[in-house]
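K.L.:
Here the sequence shown is numbered in the numbering used here, starting from 46 and rising by one per residue.
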Amino acid sequence: MATSNEKTLDDLFLDTLKDIYYAEKQIVKALPKMAKAAQSAELKAGFEQHLVETEGHVERLEQVFELIGKPARGKTCDAILGIIEEGKSIMDDFKGTVALDAGLVAAAQAVEHYEIARYGTLKTWAEQLGLSEAVTLFDATLQEEVATDQKLSDVAETAVNAKAA
Ligand code: FE
Ligand code: FE
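See below:
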């Protein structure tokens, strides 16, 4: 028998939900800065489009909090703060250079990969916990993160890296 102070998958699920909620809100703040910094029109448009999607990710997470009857609250995510900080360093260190956009793509892909890891995990846990509506919500966001990662790879391959070389 589990004792009352023993943590369960429900607790881990809520903790991780708070982590990605905090992360998505940080990403909403970072994307306009990345769009502003991007030199390529295609990359700029890509960041602007993903900002709109990311605002939707925040809303989906709020729906999941509601499904489990908990207030939507973030918990500081050191991982996303570190990834965003690295992106800022690239913007400063490569400002005005031909390599800037390649660096922005790399920074953005680190963000997407973090999100893909988190949503993959949350989707699996939601399945195990029988939260089928949450599974659908996580999956919708996961598909957008994967598509964004793929688009970033395409932009890098077609334009950005060639220019930087
Ligand atoms: Fe997202
Ligand atoms: Fe994303």
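Just so it is clear, CB atoms sit at the ideal spot from N, CA and C, and this is done for glycine as well.
How would you write the range of the alpha helix (DSSP H) that residue 183 sits in, first residue to last?
P.N.:
Here the alpha helix (DSSP H) through residue 183 covers 177 to 200.
K.L.:
Whole-angstrom Cβ separation of residue 168 and residue 194, contact assumed at under 8 angstroms?
P.N.:
About 16 angstroms separates the two Cβ atoms, so there is no contact after all.
K.L.:
At a cut-off of 7 angstroms, would you count residue 158 as near ligand 2, judging by its Cβ distance to the nearest heavy atom?
P.N.:
No; taking the cut-off as 7 angstroms, the Cβ of residue 158 has no heavy atom of ligand 2 nearer than that.
K.L.:
Taking 8 angstroms as the cut-off, decide whether the C-beta atoms of residue 182 and residue 153 are in contact.
P.N.:
No.
K.L.:
Between the alpha carbons of residue 84 and residue 165, how many angstroms are there, rounded?
P.N.:
So the alpha carbons of these two residues sit roughly 32 angstroms apart.
K.L.:
Please classify residue 112: does DSSP put it in a helix, a strand, or coil?
P.N.:
Three-state DSSP puts residue 112 in a helix.
K.L.:
Write down every uninterrupted run of the alpha helix (DSSP H) in the segment 62 to 123 whose length is 4 residues or greater and which is fully enclosed by it, in chain order.
P.N.:
Those alpha helix (DSSP H) runs which fall completely within the segment 62 to 123 and span 4+ residues are 86 to 112.
K.L.:
Identify which residue in 187, 172 and 149 has its Cα closest to the Cα of residue 159.
P.N.:
The shortest Cα separation from residue 159 among 187, 172 and 149 belongs to 187.
K.L.:
Drop a sphere of 10 angstroms on the beta-carbon of residue 163, count the other beta-carbons inside from all chains shown, and report buried for 16 or more, exposed for fewer.
P.N.:
With 16 or more Cβ atoms within 10 Å of its Cβ, residue 163 is classed as buried.
K.L.:
Closest by CA to residue 67, which one among 80, 50 and 110?
P.N.:
Considering only alpha carbons, the answer is 110.
K.L.:
Return yes when the C-beta of residue 186 is under 7 angstroms from any heavy atom of ligand 1, and no when it is not.
P.N.:
Within the cutoff, so yes.
K.L.:
What three-state label does DSSP hand residue 133 in the structure shown?
P.N.:
Note: residue 133 maps to helix in three-state DSSP.
K.L.:
By Cβ distance, which residues of its chain are closer than 7 angstroms to residue 189, with the 5 residues on each side in sequence left out?
P.N.:
98, listed in sequence order.
K.L.:
Secondary structure at residue 141, three-state DSSP: helix, strand or coil?
P.N.:
Reduced to three states, the DSSP call for residue 141 is coil.
K.L.:
Near residue 132, which residues of its chain fall below 6 angstroms by C-beta distance, leaving aside the five closest residues on each side in sequence?
P.N.:
Cβ within range, chain order: 152.
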